[in-house]
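The listed protein sequences derive, respectively, from chains C and R. The first sequence lines up with residues -16 to 555 when you count with our numbering. The second sequence lines up with residues 10 to 99 when you count with our numbering. Idealized CB from N, CA, C, for every residue including glycine. Keep in mind it's a predicted model, so treat the numbers as computed, not measured. Encoded as structure tokens, the structure appears first; notes follow it.
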Amino acid sequence: MKEQQPKILSGKPAAPGIGVGNAFILRDDNKPVHPEKISDQEIEENIRKFENACEFLVQEYEKIKTIPDDYDVVEIIDAQIQALNDPEVMSTIKRKIKEENFSADYAIFSTFNDYIQLLESAGAQWAKDRTIDVVSIRDELIQATKEKKKEFDVKKGEIVFAEDIPPTVMVKLSRIKISGIVMERGGLTSHAVILSQSLGIPCVINAHWDRFQLQDGNDVIIDGSTGQVILRPSWKQKQEYLKRREEQFSRFQKALEWARKPNKTSCGSEFTLRANVEFLEELPRLKTHGARGVGLLRTETILFESNEFDVWDQVEFYSNMVEAVEGHTVTIRLFDAGGDKLLENSETEANPFLGWRGVRMLLDKKEFLKKQLEAIYRVSGKFTGKVRILIPMVSSMEEIHEVKRHCIDVCNSLSRQHVPVDSETPIGIMVEVPSIALMAEHVAKHVDFFSLGTNDLTQYTLAVDRGNEKISHLFDSYHPSIWKLIKMSKDAADKEGIPVAICGEMASKPEAAACLLGLGINDLSMNTGSIPVVKSVLCSNTLDEMKKLADRVLHADELEHIHELLEEWRPA
Amino acid sequence: MKTKKVTVLNESGLHARPASVLVKTASRFKSEFYIKMYGYKVNGKSILGVMTLAAEAGAEMELIVDGPDEDEALEKLVKLFENKFNPAPP
């Protein structure tokens, strides 16, 4: 047999962490349920089966409720229990068995389906989102009526591959202490994902594999932070990931202790750490991890999901965000589609990263822009001073002026309708295209803040497509040119007295964060999970030391030298 | 039997969490509880029923309570709508 080569699957990162283990493929062997009639003699038995199944499932849920010490998880499970105790559903199912002579499994199936249909056709997105949970109760109940419980022979440390995973299965899996989950389906807000985040299991979703690529027992590496899954990695790859996993784990344990301490360097200089956020579900972690507000709110997903640009959906989403961060600010980045995040039906471009994305698209599709600005300004009126507008992918001054004109128009039109707005809502730009960094001095006169997106700034400055594996070694944000551009932007901002923040991946690297602080940028936004580690490094050093580091980095002309300088700051 | 018209005041509508609070509260009473909205009528003690209403902010509905403790039940349920389903201050 031909030896199978390593194979990389790229999915969507759903829960961070690295897992190394053997594949376990969770096959869905539920047979379809057919309308099966039973005889009058069998009615009693079917009622009993159904009642036992309910009781069994409620018990199962009660049991797993005690495991995770997490309010969200308890709430999810409570909702499932509540549905299992729903008097209307229960009596309908029993009536279908008693009066229509349907088998227990079909009675359950058809009763739940009526609700599922209604929820799916509901106007509100939250109702549609709930259907996954109702489907999973339906299927688990049917499974339980079969009275032979599906036992897993998943072993500790294995990486589970599945199409989708219902919450009960999920918690059972976590008891076995599996190393990771790879799902074909599943949204970032699905229970399985929320649970895996709160249970600390690395998880990748929307990964696709064909049946020939993967067998039970295959070596697998999963990186829940990047969404990469490596099937049959080489020995070297495996060692590398094992080492990284060790590092991550010990770092994180130590770092969580820092989350509650004040945001000050050891010499008392203050800084602010914020979170890059996309979903409401991420918010509970902000507090435990020590984030002060949202430094970058990505808005693409809500807009992709709802297909249309509904102002009220957005108002609700942004309001919920602002409420949840408890007095801190939320920086809302305008819809940044394009590049690797495509709108449906949009044409494929030869160079999407150099193409129609960010503000370029917004200024072409003004209806998107206007609706989003309307939503943001409506929220600004309710929470004065708590929201900021961030324009993505700006490459010229004209774009800034044009967006600002739309801001004024939207503000005026809302005011005419007597809708309260905060017309002073800060408008800032992403500094991620070199042209803007180079003319930062001019730009700073016309915007209220800069937010540096170091990933794109790197790929545009170095001419390296960050999605291209062949040249991925060239993609390095520590390149001397990037530090120079950061410094230029910071100096320009200082001259005009506007604040600068970093919201790129760079900020989440402790050694880079220290250097940024040394450059005088003390507002860093990153994925929530990185905050504790970054904070631990910033808190345990003096600003002076960081300034020295920044100075040496700025004077280095070779990438390797910069890596050496930063290496010393990497936490052990 | 007691009835009362109410409006959903919380911005995000009667979504999963408020629906759950409503059903939990209603289930503590002996009285039957129904919700009528735009011609639909659902059992107010049924979580799936209440969710399928997918009532959004501003939706008007009629609460119908019938049973031995209907007065107290209606009062508590109306309060929930008024407080936007936030837990009552202790």
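Q) Alpha carbon to alpha carbon, what distance is there between D122 of chain C and R281 of chain C? A) Taking the first residue of the first sequence as 1, we reach residue 281 of chain C at position 298. Taking the first residue of the first sequence as 1, we reach residue 122 of chain C at position 139. Straight-line Cα distance between these residues: approximately 34 Å.
Exercise. Since R113 of chain C meets chain R, which of its residues come closer than 7 Å, beta carbon to beta carbon?
Worked result: Within the first sequence, residue 113 of chain C is the residue found at index 130, counting from 1. A25 and M60, listed in chain order.
DSSP puts R611 of chain C in a beta bridge; with which residues? Nothing can be reported for residue 611 of chain C, as the shown portion of chain C is limited to -16 through 555.
| Does the beta carbon of N303 of chain C sit closer than 9 Å to a beta carbon anywhere in chain R? | Translated into positions along the first sequence, residue 303 of chain C becomes position 320. For N303 of chain C, a Cβ of chain R is located within less than 9 Å of the residue's own Cβ.
Under 9 Å between C-beta atoms, does E34 of chain C make it to chain R?
Residue 34 of chain C sits at position 51 when you count from the first residue of the first sequence. Not one chain R Cβ lies under 9 Å of E34 of chain C.
Item checked: Three or more C-beta pairs below 8 Å linking the region 463 to 476 of chain C and the region 265 to 277 of chain C -> They do not touch, by the three-pair rule.
| message | Could you tell me the alpha carbon to alpha carbon distance between C394 of chain C and V404 of chain C, rounded to whole angstroms? | response | Here residue 394 of chain C refers to the residue found at position 411 of the first sequence. Here residue 404 of chain C refers to the residue found at position 421 of the first sequence. Their Cα atoms are separated by approximately 7 Å.
Worksheet entry | Beta-carbon proximity check, E91 of chain R vs L31 of chain R, cutoff 9 Å | Looking up residue 91 of chain R in the second sequence gives position 82. Looking up residue 31 of chain R in the second sequence gives position 22. Cβ atoms of E91 of chain R and L31 of chain R: not closer than 9 Å.
*So, helix, strand or coil for L345 of chain C, using DSSP?*
As a working note, residue 345 of chain C is residue 362 in the first sequence. It is helical.
Whose CA, out of C:V447, C:D206 and C:S379, lies closest to the CA of S418 of chain C? Mapped onto the first sequence, residue 418 of chain C falls at position 435. Of C:V447, C:D206 and C:S379, the smallest CA-CA separation from S418 of chain C is found for C:S379.
Delimiting residues of the alpha helix (DSSP H) encompassing T128 of chain C = Locating residue 128 of chain C in the first sequence gives position 145, where the first residue counts as 1. Membership of T128 of chain C in the alpha helix (DSSP H) is indicated by the continuous run Q108 to T128.
Cβ of A82 of chain R less than 9 Å from any chain C Cβ?
Counting from 1 along the second sequence, the entry for residue 82 of chain R is found at position 73. So no, A82 of chain R is outside the interface.
Residue-level contact to chain R via CB, A307 of chain C, 9 Å cutoff: On the first sequence, position 324 is the one that residue 307 of chain C refers to. Under the Cβ distance rule, A307 of chain C does not count among the residues neighbouring chain R, no pair being separated by less than 9 Å.
Buried or exposed by the 16-neighbour rule on C-beta atoms within 10 Å, applied to W218 of chain C: Numbered from 1 along the first sequence, position 235 holds the residue referred to as residue 218 of chain C. By the 10 Å Cβ count, W218 of chain C comes out exposed.
_I want to see whether chain A comes within less than 9 Å of K54 of chain R, judged by CB atoms only; does it?_
You won't find chain A in this structure, because its protein chains are C and R.
Requested in this report: Look at the alpha carbon of K77 of chain C and the alpha carbon of E81 of chain R, and state the distance between them as a whole number of angstroms.
Outcome: Numbered from 1 along the first sequence, position 94 holds the residue referred to as residue 77 of chain C. Numbered from 1 along the second sequence, position 72 holds the residue referred to as residue 81 of chain R. Looking at the backbone, the Cα of K77 of chain C and that of E81 of chain R are separated by about 31 Å.
Does the ligand ADP have even one heavy atom less than 8 Å from the beta-carbon of V370 of chain C? Within the structure as shown, the ligand ADP is missing, as the structure has no ligands at all.
Could you please give the first and the last residue of the uninterrupted beta strand (DSSP E) stretch that includes F458 of chain C?
-> For the purposes of this step, residue 458 of chain C is taken as the residue at position 475 of the first sequence. It is not in any beta strand (DSSP E) - F458 of chain C carries neither H nor E in the DSSP assignment.
Checklist entry - Are L225 of chain C and L(-8) of chain C touching if we call contact CB-CB under 9 Å? => result As a working note, residue 225 of chain C is residue 242 in the first sequence. As a working note, residue -8 of chain C is residue 9 in the first sequence. No, the pair does not count as a contact, with Cβ atoms beyond the cut-off.
Take the Cβ of G436 of chain C as the centre, count every other Cβ of all protein chains shown within 10 Å, and call the residue buried at 16 or more, exposed below. For the purposes of this step, residue 436 of chain C is identified with residue 453 of the first sequence, where counting begins at 1. Buried is the label assigned to G436 of chain C, since at least 16 other Cβ atoms lie within 10 Å of its Cβ.
Grab me the residues of E424 of chain C's own chain with a C-beta within less than 6 Å of its C-beta, minus the 5 sequence neighbours each way, in chain order. Your numbering for residue 424 of chain C matches position 441 in the first sequence. Result list for E424 of chain C: A475, in chain order.
Assuming Y49 of chain R and L62 of chain R are in contact, meaning their beta carbons sit under 8 Å apart, how far apart are those beta carbons, in whole angstroms? Within the second sequence, residue 49 of chain R is the residue found at index 40, counting from 1. Within the second sequence, residue 62 of chain R is the residue found at index 53, counting from 1. Rounded, the Cβ-Cβ distance is 7 Å, consistent with contact.
Fully enclosed by the region 380 to 435 of chain C, which beta strand (DSSP E) runs are 3 residues long or longer?
Whole beta strand (DSSP E) segments, 3+ residues: 410 to 414 and 432 to 435.
In chain C, what lies closer than 7 Å to A63 of chain R by C-beta? Along the second sequence, read from residue 1 onward, the residue named residue 63 of chain R stands at position 54. Here the neighbours are A105, G106, A107 and A110.
Would A533 of chain C be called buried (16 or more neighbouring beta carbons within 10 Å of its own) or exposed? Sequence index remark: in the first sequence, residue 533 of chain C carries index 550 (1-based). It counts as buried.
Taking Cβ-Cβ distances shorter than 8 Å, what residues in chain R pair up with V117 of chain C?
On the first sequence, residue 117 of chain C is found 134 positions in, with the first residue counted as 1. Correct list: L57.
Just to check my reading of the structure: T94 of chain C and A36 of chain C have Cβ atoms closer than 8 Å, yes? What is that Cβ distance to the nearest angstrom?
Along the first sequence, read from residue 1 onward, the residue named residue 94 of chain C stands at position 111. Along the first sequence, read from residue 1 onward, the residue named residue 36 of chain C stands at position 53. Contact doesn't hold; Cβ gap of about 13 Å is too wide.
>> Run through chain R and tell me which residues come within less than 7 Å of A62 of chain C, C-beta to C-beta.
In response: Counted from its first residue, the first sequence places residue 62 of chain C at position 79. Here the neighbours are A25 and S29.
- Message: Any beta carbon of chain C sitting closer than 9 Å to that of V74 of chain R?
- Response: One-based indexing of the second sequence puts residue 74 of chain R at position 65. Not closer than 9 Å to any Cβ of chain C, the Cβ of V74 of chain R fails to qualify, so no.
### Query
Taking Q620 of chain C as the reference, which of C:A495, C:G0 and C:N524 has the closest Cα?
Absent from the structure is residue 620 of chain C, since the part of chain C shown begins at -16 and ends at 555.
Counted within 10 angstroms of its Cβ, other Cβ atoms place T314 of chain C as buried (16 or more) or exposed | Your numbering for residue 314 of chain C matches position 331 in the first sequence. Per the 10 Å Cβ criterion, buried.
Where in the region 464 to 536 of chain C do unbroken runs of the beta strand (DSSP E), each at least 3 residues long, occur, reported from the N-terminal end onward? Qualifying beta strand (DSSP E) stretches, in chain order: 483 to 485 and 506 to 510.
Alpha carbons only, please: which of C:V416, C:V362 and C:A427 is nearest the one belonging to H384 of chain C? By 1-based counting over the first sequence, the position of residue 384 of chain C is 401. When only C-alpha atoms are compared, the closest one is C:A427.
| query | On the three-state DSSP scale, how would you describe L279 of chain C? | reply | Residue numbering aside, residue 279 of chain C sits at position 296 when the first sequence is read from its first letter. In this structure, DSSP gives L279 of chain C an extended state, which the three-state scheme calls strand.
Just verifying my parser: in three-state terms, what is the DSSP assignment at D206 of chain C?
To locate residue 206 of chain C, count along the first sequence from 1; it is residue 223. Three-state result, D206 of chain C: strand.
task: May I have the straight-line CA-CA distance separating R340 of chain C from Q400 of chain C, to the nearest angstrom?
output: To locate residue 340 of chain C, count along the first sequence from 1; it is residue 357. To locate residue 400 of chain C, count along the first sequence from 1; it is residue 417. Here the alpha carbons of Q400 of chain C and R340 of chain C stand approximately 32 Å from one another.
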